[in-house]
Amino acid sequence: MTVIVTGGAGFIGSNFIFYMLKRYPDYRIICLDKLTYAGNFSTLASVMDNPRFRFVRADICDRKAVYNLFEEEHPDIVVNFAAESHVDRSIENPCLFLKTNIIGTATIMDACREYGIIRYHQVSTDEVYGDLPLDRPDLLFTEETPIRTSSPYSSSKAAADLLVLAYHRTYGLPVTISRCSNNYGPYHFPEKLIPLMIINALSDKPLPVYGEGINVRDWLYVEDHCKAIDLIIHKGRAGEVYNIGGRNEMRNIDVVKMICDALGKPYTLIRFVTDRKGHDLRYAIDATKIHNELGWFPETKFADGIKKTVQWYLDNREWWETIISGEYQNYYEKMYGNI
Ligand code: NAD
Ligand code: DAU
Numbered sequence: 522m523t524v525i526v527t528g529g530a531g532f533i534g535s536n537f538i539f540y541m542l543k544r545y546p547d548y549r550i551i552c553l554d555k556l557t558y559a560g561n562f563s564t565l566a567s568v569m570d571n572p573r574f575r576f577v578r579a580d581i582c583d584r585k586a587v588y589n590l591f592e593e594e595h596p597d598i599v600v601n602f603a604a605e606s607h608v609d610r611s612i613e614n615p616c617l618f619l620k621t622n623i624i625g626t627a628t629i630m631d632a633c634r635e636y637g638i639i640r641y642h643q644v645s646t647d648e649v650y651g652d653l654p655l656d657r658p659d660l661l662f663t664e665e666t667p668i669r670t671s672s673p674y675s676s677s678k679a680a681a682d683l684l685v686l687a688y689h690r691t692y693g694l695p696v697t698i699s700r701c702s703n704n705y706g707p708y709h710f711p712e713k714l715i716p717l718m719i720i721n722a723l724s725d726k727p728l729p730v731y732g733e734g735i736n737v738r739d740w741l742y743v744e745d746h747c748k749a750i751d752l753i754i755h756k757g758r759a760g761e762v763y764n765i766g767g768r769n770e771m772r773n774i775d776v777v778k779m780i781c782d783a784l785g786k787p788y789t790l791i792r793f794v795t796d797r798k799g800h801d802l803r804y805a806i807d808a809t810k811i812h813n814e815l816g817w818f819p820e821t822k823f824a825d826g827i828k829k830t831v832q833w834y835l836d837n838r839e840w841w842e843t844i845i846s847g848e849y850q851n852y853y854e855k856m857y858g859n860i
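Residue numbers for the sequence shown follow the working numbering, beginning at 522 and rising by one.
Okay, structure coming up:
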């Protein structure tokens with residue numbers, strides 16, 4: 522089998538590549554990535570010499586480059602992780618999100634139609650369902666929950682999901698979609714909540730918590746997400762959507778306090794800052810479908826996953842220090858310069 526993984530130099534895509542190379546000793550994995558600010562070539566250093574791995578730097582919106590790659594590799598499976606993924610950046614620059622997340626998805630699927638594949642898998646997000654109220658813990662997102670987005674990011678992901686389902690109905694493309702909750706783990710880009718808090722706490726810098734810190738996210742260890750995608754691409758039914766979630770709802774403030782505790786840092790580092798515009802209140806996934814159909818369940822408990830993650834950032838300083846010393850500084854200054 523030859524698998525093209527787009528966005529494989531990013532957080533979840535790279536973890537998926539490591540997982541697949543290990544799990545399937547006879548598979549060839551091709552990473553197609555533009556290496557935007559969020560993509561790191563160094564992340565893939567450990568697999569660059571693997572004869573079953575190839576890295577290609579290209580934009581998923583570049584039709585010629587994408588078609589050339591499909592012509593050369595004739596992939597059996599395509600897993601599309603490539604996206605602009607940060608909600609705060611989508612509030613600043615929506616159009617970039619529309620281009621990458623919608624046009625890019627259509628371009629990759631056109632190549633799949635042209636060359637023929639066994640499975641196209643779209644890595645989507647629970648954010649397409651909008652948010653849930655804080656005072657209704659009984660409510661969860663199911664695959665039937667209507668699409669109701671809040672941010673330019675989630676709107677672009679929802680538009681891509683609709684296109685994926687349209688390519689299935691119109692052209693018979695064998696697609697699947699997964700909608701996952703918040704991931705955490707190794708190689709998570711420092712702009713996101715958990716790595717930002719770990720890195721700031723390590724340097725005794727303020728920990729910026731939006732609003733009152735009461736928004737709730739459903740955290741899943743990244744390897745559990747990779748395992749779910751593996752099951753869906755091999756055993757999931759074409760044309761279907763599968764929710765993936767950790768069954769691990771936590772308020773942001775409690776996540777930040779756990780990180781302080783893990784690092785032995787005082788809560789006095791915490792600063793409550795201006796809330797994110799349109800900030801979704803709560804995400805919570807009902808993953809009954811993937812559990813019943815494919816036998817998946819989240820294996821890593823948050824208490825263990827967060828310890829492993831904190832340790833990874835302690836052991837891999839060079840990886841994140843290189844990132845935060847570059848262009849990232851301008852972003853940080855703009856977002857958090859006044860705290
Ligand atoms: P990320 O931002 O860490 O990585 C994105 C990767 O895509 C980077 O390597 C980047 O270089 C690449 N990329 C961006 N634009 C590209 C383009 N035009 N052409 C080719 N490559 C391009 O993102 P992530 O957190 O790993 O998320 C991966 C996917 O999973 C995204 O589609 C995201 O919507 C989805 N998702 C993420 C989470 C999460 O918690 N991080 C949860 C659910 C779903
Ligand atoms: O739910 C899945 C989604 O999870 C993915 O689709 C997105 O790609 C991914 O980025 C993530 O989105 P969130 O907006 O939930 O993640 P983020 O890490 O940006 O923020 C998590 C929560 O923490 C959110 O409620 C906002 C809050 N936050 C975030 C940052 C960066 C803060 O309080 N302070 C911060 O500095």
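Idealized CB from N, CA, C, for every residue including glycine.
CB residue i to CB residue j, shorter than 8 Å?
i    : j    : result
S611 : I698 : no
I780 : M718 : yes
C701 : L741 : yes
Y548 : E712 : no
I598 : V524 : yes
Y674 : F532 : no
P768 : P716 : According to the sequence displayed, residue 768 carries Arg and not Pro. Not a contact, by the Cβ cut-off of 8 Å.
R573 : I538 : no
Y731 : D796 : yes
V587 : C552 : no
S671 : G799 : yes
H689 : A759 : yes
V743 : N704 : yes
D739 : E761 : no
I791 : V776 : no
G528 : F576 : no
H642 : I753 : yes
R578 : K555 : yes
L714 : L784 : no
Where residue i and residue j are concerned, what is the direct C-alpha to C-alpha distance, given to the nearest angstrom?
i    : j    : result
Y804 : V737 : 6 Å
D836 : R544 : 25 Å
Y788 : E593 : 54 Å
D825 : N589 : 43 Å
W833 : A530 : 17 Å
F591 : T691 : 22 Å
F562 : S535 : 10 Å
Q850 : E842 : 11 Å
P667 : E839 : 43 Å
S567 : L542 : 11 Å
Name, in chain order, the residues that DSSP records as bridge partners for residue i.
i    : result
F576 : C552
D739 : E770
H642 : V600 and T697
L728 : I791
T843 : Bridge partners of T843: none, in fact.
T527 : L553 and N601
Would you mind giving the Cβ-Cβ distance between residue i and residue j, rounded to the nearest angstrom? I have them listed as a contact below 8 Å.
i    : j    : result
N622 : A681 : 5 Å
F823 : G734 : Contact flag wrong, Cβ pair sits at about 17 Å.
T628 : L684 : Incorrect: roughly 11 Å between the Cβ atoms, too far for contact.
K810 : E648 : Not really, about 18 Å apart at Cβ, beyond 8 Å.
L815 : G766 : In fact, because the Cβ distance is near 14 Å, the residues do not count as touching under 8 Å.
T821 : D745 : 6 Å
According to the neighbour-count rule (16 or more other Cβ atoms, all chains shown, within 10 Å of its Cβ), is residue i buried or exposed?
i    : result
M569 : exposed
P863 : Only positions 522 to 860 of the chain appear in the structure, and residue 863 is not among them; the question remains open.
F662 : buried
N614 : exposed
K828 : exposed
D652 : buried
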